[in-house]
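To start, the structure under review is shown below, and the notes come after it.
Residue numbers (this note's numbering), protein chains in the order written: chain D, 888 to 1342; chain X, 888 to 1342.
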């Protein structure tokens, strides 16, 4: 902790963060790390949960546009679009008969609905998605499938691919086997009674069945009960609804560079959150980091002035249910050239690695990034940067260069998509390290005169 | 961890735990630590939550009586009584207007009920119980009081006295000030969205008002929102009911000593749990520890035989809502002499301290206890042992000697009375240390021929 503080102070000195040197900003007195903290604090406290397509998400857009203006951003705009939303109803599950007891459950996004009174059916335990896939088609008629799995924490979050498929693909597999409904072990690494929600990827034309996730302790319970060999029966109530053409929108704002005719650097996060928590790590922190760093980088030009290029901030809407905001941004802004794109959407733990998709011709820029991030404890990685859901569409459309500042994900899936995603889970020191890493990065890429080639 | 294992092995050797030496027990092959783990695993898994006065508590009694018989206990009996129960209804709270958002809430035991549609009223923030006490009588008419506090973890659990009063006494103070309802910060030390329930001590004649507890992150949210100065308004729905003359009961069982005419040693726990979790640390672990240790002590007599005195196990009912089981035990068994009483009801973390209420004439016995517990990392303390809720009445009636084996409570109030009180929170290694400490203690007190005087 102490050594991190020392490093941050050193970085702040190098980057000339002294407030007196940011005279053009309305809140010039607040150093960048405090801007970030205040932003995520107020968004999560005063708006709270902001599910995609909901009135709360609309309040978040109004709040964000007002705050960005207050912070000195220009060309601030709300860019509306419509999307398919999921509105939670009653979520309830209880074993009946043997080991009768309630289970902590959440509906998954785009779940089908049970009747108000729920359904009662045998629960069939599958230790993995592969085990369910191996079941004969039609063998689950009139039954509820339970899919277990063995997700464990990883620093780079790579467990979310394979184990996340239990949630994304598992419900569709259950439909193929004829199941009445499906329950999964939460895609998460904690041991709290807070189930993890998240979206289902139904194939086109599939009629959704009720689909929920129980917390890890409840899944442990089901695993132990299945091992007794006694038949299990579940009473399940999930009454949420799928809503077409729900109103959503993106919020954009700019800090114009010395040469506004040059393509801007795009930095993104998403403004919506799942409804269970207040969206602190997913992704209030991301919005706080990109906005705080964009402001912090305003002294990165020659003589502590503005950078060469405009930095455009995108607070995307409706990321959680399928990246609608990123798609809408690419549709609206696809004809404007961009210099580079970045996204922050993996919590608020420290940046530990930097990767890019730069072509060899940009090796020198990459080397400067690596050198600038080294004092913050960031190492270069071998992978290929891809941005993320909010910038993926514009990156693909324009083959943009990308820098990924990978955050430590060891604890991310303890909180991800749960009621526990709240402000207290953010460590102000690691949030400040993120802002410093982003600011160091923006100081380089927003002052780069020539285009950076992507590979 | 490793050194603990070494110590336990040493203790086991000293206490002659070798299974072959327990020939009279049905499950002689299972060493005592496994008996304890299996007991808490199966109680929390197969019975699950077992609130006082509920059908689930009745199932727990049947389960416990059958398991005790299976383990070789004799004179196993269910001793019924009736009590005042609280049956949870719908628990729901949401801010409306400014910062509209749901809050994670639980009703407190013996809360008054709102109408099914809930109530909506201004929420008035009080930073402490003392601040509420200082409000003028009648000043909260038509309003909901929120009582904050600053509980922090302590090893000996001493925060539960003063901060627990916010829950026990706070609702009554709110009534005196004319409040329509009351919400408190959970009496707990964690940062999860799992509110802590627990019982209210209404004074005689007071008409209960709706009373709930929000989780710590929600209380943090209310604290921040109150600091904005904006008026807050809460929509509160708590529909649980108070049920008079609900059926409950104790379960008792004995392991007869070499001289069954001598007064028995009483070891107790409680079988009921709050409904939110599965009652693993509160108090499935306690029942597992006392039963496991009683069995383990069956080789503590001369030549590895039975101890001198009978050990009687009491699995009390209805502790959580006011110690009804302990009272019922004292009424039924108050005329039978007892040698000594002990209770385990503070989780499953390691025993760190031993205290007694022995008179100076029993200093030698106490010294032997201290010496026996020393290899397990247990230190002698200066306080006076008092047993607890399940043995308090019989101790008071008979002025019994008591040994308290204090468990480390640093993390206890992270889980206490929450949905998170589940099996995964028990470390088998510390559970085994508890069993070893109890077994060492019983090996001494159940082989003591003369009475031990209490001070």
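Ideal Cβ placement from N, Cα and C applies to all residues, glycine included. Computed from a prediction, not measured in an experiment: that's the story for all the values here.
Outcome for residue i when other beta-carbon atoms lying within 10 angstroms are tallied against a minimum of 16
i                      : result
residue 957 (chain X)  : exposed
residue 1321 (chain D) : buried
residue 1091 (chain D) : exposed
residue 1024 (chain D) : exposed
residue 952 (chain X)  : buried
residue 1343 (chain X) : Since the first residue of chain X shown is 888 and the last is 1342, residue 1343 (chain X) is not available in this structure.
residue 1166 (chain X) : buried
residue 962 (chain X)  : exposed
residue 949 (chain X)  : exposed
residue 1003 (chain D) : exposed
residue 1039 (chain X) : exposed
residue 1033 (chain X) : buried
residue 1342 (chain X) : exposed
residue 1082 (chain X) : buried
residue 1021 (chain X) : exposed
residue 1190 (chain D) : exposed
residue 1223 (chain X) : exposed
residue 1018 (chain D) : exposed
residue 1136 (chain D) : buried
residue 1286 (chain D) : exposed
8 Å Cβ cutoff, residue i in contact with chain X
i                      : result
residue 1111 (chain D) : yes
residue 1081 (chain D) : yes
residue 980 (chain D)  : no
residue 1108 (chain D) : yes
residue 1306 (chain D) : yes
residue 1104 (chain D) : yes
residue 1328 (chain D) : no
residue 1219 (chain D) : no
residue 1078 (chain D) : yes
Beta carbon proximity, residue i to chain D, threshold 8 Å
i                      : result
residue 986 (chain X)  : yes
residue 1311 (chain X) : yes
residue 935 (chain X)  : yes
residue 957 (chain X)  : no
residue 913 (chain X)  : For residue 913 (chain X), the pLDDT reaches just 37, beneath the cut-off of 50, and the residue's location in the model is therefore unreliable, although a value from the coordinates is still provided. No, no contact with chain D.
residue 1064 (chain X) : no
residue 1120 (chain X) : no
residue 991 (chain X)  : yes
residue 1084 (chain X) : no
residue 1030 (chain X) : no
residue 1001 (chain X) : no
residue 932 (chain X)  : yes
Residue from the options with nearest C-alpha to residue i
i                      : options                        : result
residue 1044 (chain D) : D:1075, D:1215, D:1030         : D:1075
residue 1271 (chain X) : X:1098, X:1032, X:1289, X:1147 : X:1289
residue 970 (chain D)  : D:1309, D:1208, D:1292, D:1262 : D:1208
residue 1303 (chain D) : D:1255, D:1319, D:1171, D:1256 : D:1171
residue 1335 (chain X) : X:1194, X:1143, X:1276         : X:1194
residue 1266 (chain X) : X:1089, X:1124, X:1240         : X:1240
residue 923 (chain X)  : X:1159, X:1298, X:1339, X:1310 : X:1310
residue 1053 (chain D) : D:1099, D:1010, D:1027         : D:1099
residue 1281 (chain D) : D:1298, D:1148, D:1218         : D:1218
residue 1027 (chain X) : X:959, X:1041, X:1008, X:1152  : X:1008
Proximity below 8 Å, CB of residue i to CB of residue j
i                      : j                      : result
residue 1141 (chain X) : residue 1096 (chain X) : no
residue 1324 (chain X) : residue 1238 (chain X) : yes
residue 982 (chain D)  : residue 1030 (chain D) : no
residue 991 (chain D)  : residue 1131 (chain D) : no
residue 1155 (chain X) : residue 1214 (chain X) : no
residue 1012 (chain X) : residue 945 (chain X)  : no
residue 996 (chain D)  : residue 1101 (chain D) : no
residue 1138 (chain X) : residue 1202 (chain X) : yes
residue 935 (chain D)  : residue 988 (chain X)  : yes
residue 1169 (chain X) : residue 1035 (chain X) : no
Residue i CB to nearest heavy atom of the ligand FMN below 7 Å
i                      : result
residue 1225 (chain X) : The ligand FMN is not among the ligands present in this structure, which contains no ligands whatsoever.
What are the start and end residues of each continuous beta strand (DSSP E) run of 3 or more residues lying completely inside the segment 1170-1249 of chain X, in chain order?
Unbroken beta strand (DSSP E) runs of no fewer than 3 residues, entirely contained in the segment 1170-1249 of chain X, are found at 1198-1203, 1227-1230, 1238-1243, following chain order.
Could I get the ranges of all uninterrupted beta strand (DSSP E) runs contained in the segment 1017-1095 of chain D, with 3 residues as the minimum, in chain order?
Runs found: 1031-1034, 1068-1072.
Unbroken beta strand (DSSP E) runs of length 3 or more, entirely within the segment 1120-1171 of chain X: which are they?
Positions of the beta strand (DSSP E) runs, each at least 3 residues long and wholly inside the segment 1120-1171 of chain X, are given as 1128-1142, 1152-1157 in order along the chain.
In the segment 1284-1340 of chain X, which residue ranges form an unbroken alpha helix (DSSP H) of at least 4 residues, counting only runs that do not cross its ends?
DSSP runs (the alpha helix (DSSP H)) wholly in the segment 1284-1340 of chain X: 1299-1302, 1315-1332.
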